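Asker: Structure in structure tokens, see below.
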Amino acid sequence: MGRKRYAIIVAGGSGTRMGGDVVKQFIMLGERPVLLHTVEKFLNLKERPEIIIVVPSGLREDWKAICKEYRFAVSHTLVSGGITRFHSVKNALKYIEPDSVVAVHDGVRPFASTEFIEELYAEAEVCGAVIPVIKVTDSLRMVDGDVSKPVDRERFIAVQTPQLFWSEYLLKSYEQAYTPEFTDDASVVESIGVKIKFAAGLTANIKITKPEDMILANAILTSF
């Protein structure tokens, strides 16, 4: 029997870059809010994980209202977010049991397919730490003040979520104090000496952070 599965959906951001009055995780994508699309991708797995959803403390009631309006009755644990993503994940880890495998996913990545997530869980079960990555296709430049120089994009990759880890790695690594170098969960886990395995990411697995991202998201939705 494999490890128990968890999915931490981090939707603790204020979404100020989107403009308007609605935070990005609650913006409508088609007929449902973005966050609902994201969570639903985890519900059709062969072994459904326990769902933990992290939202800002001031938006807990808003999320409950969304669940009621869209008849989302799936059992889940609702957790208040922290001052940074690091602290939001740390808050969620209080609800994780030992000897499990945990996916940590951005609440505003609604197009991670169920098949894609299933493959990542299977890989994490074996290796203990896996993250999806994609090649960088744009040209890159390194900036230092007013000066910039081109860099070899073949030396860089773009990192996505969900990122999956054995619970013991996450729990131990998140005992550390926060530093700005912790840009994602992989950077936190890697800091305690864990080797991170790469898996092929999905081009469609975009993160919605800016208004123009919604144009692409709606286009993907029609063909997803």
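Using my numbering, the letters of the sequence shown map in sequence onto residues 4 to 227.
Don't be surprised by glycine CBs; every beta carbon is placed ideally from N, CA and C.
This structure is a prediction, so every number in the text was calculated from the model and none was measured.
What is the rounded straight-line gap between the Cα of residue 35 and the Cα of residue 116?
Answerer: Each residue's Cα considered, the two are about 17 Å apart.
Asker: Around the Cβ of residue 101, are there at least 16 other Cβ atoms within 10 angstroms (buried) or fewer (exposed)?
Answerer: Result: exposed.
Asker: Any beta carbon from chain C within less than 8 Å of residue 162's own beta carbon?
Answerer: No chain C is part of this structure, which consists of one protein chain only.
Asker: Apply the 10 Å Cβ neighbour rule to residue 11 and answer buried if 16 or more other Cβ atoms are within range, or exposed otherwise.
Answerer: Label assigned to residue 11: buried.
Asker: Determine the closest residue to residue 174 out of 98, 57 and 41, with distance taken between C-alpha atoms.
Answerer: Considering only alpha carbons, the answer is 98.
Asker: For the stretch 152–159 against the stretch 75–84, do three or more pairs of beta-carbon atoms, one drawn from each stretch, fall closer than 8 Å, so that the two count as touching?
Answerer: No: the two stretches stay apart, fewer than three of their Cβ pairs being nearer than 8 Å.
Asker: Leaving out five residues before and five after residue 166 in sequence, what residues of the same chain have Cβ atoms less than 6 Å from its Cβ?
Answerer: Taken in chain order, the residues that qualify are 107, 134, 188 and 189.
Asker: With DSSP collapsed to three states, give me the class of residue 177.
Answerer: Residue 177: coil per DSSP, three-state reduction.
Asker: Going along the chain, which unbroken runs of the beta strand (DSSP E) with 3 or more residues stay wholly within the stretch 16–74?
Answerer: You should have 53–58.
Asker: DSSP three-state label for residue 201, please.
Answerer: Residue 201 falls in the strand class under three-state DSSP.
Asker: Kindly list the residues whose CB is nearer than 7 Å to the CB of residue 151, restricted to its own chain and excluding five residues on each side of it in sequence; keep chain order.
Answerer: 144 and 145, listed in sequence order.
Asker: Counting C-beta neighbours from all protein chains within 10 Å, is the total for residue 123 16 or more, i.e. buried, or is it exposed?
Answerer: It is buried - the Cβ of residue 123 has at least 16 other Cβ atoms within 10 Å.
Asker: Ordered along the chain, which non-local residues of its own chain (more than five positions away) have a Cβ less than 7 Å from that of residue 109?
Answerer: Excluding positions up to five away in sequence, the list reads 13, 164 and 210.
Asker: In angstroms with no decimal places, state the Cα-to-Cα distance between residue 29 and residue 129.
Answerer: Rounded to whole angstroms, residue 29 to residue 129 spans 35 Å at the Cα level.
Asker: What is the rounded straight-line gap between the Cα of residue 182 and the Cα of residue 172?
Answerer: If I take the Cα positions, the gap works out to 18 Å.
Asker: Going by C-alpha distance, which of 16, 131, 24 and 200 is nearest residue 111?
Answerer: Checked all of 16, 131, 24 and 200; the closest Cα to residue 111 is 16.
Asker: Out of 46, 212, 162 and 191, state which residue places its alpha-carbon closest to the alpha-carbon of residue 27.
Answerer: Checked all of 46, 212, 162 and 191; the closest Cα to residue 27 is 212.
Asker: Using a 10 Å radius around the Cβ and a threshold of 16 neighbouring Cβ atoms, would you call residue 154 buried or exposed?
Answerer: Residue 154 comes out exposed.
Asker: Is the beta carbon of residue 197 sitting closer than 8 Å to the one on residue 125?
Answerer: Not a contact, by the Cβ cut-off of 8 Å.
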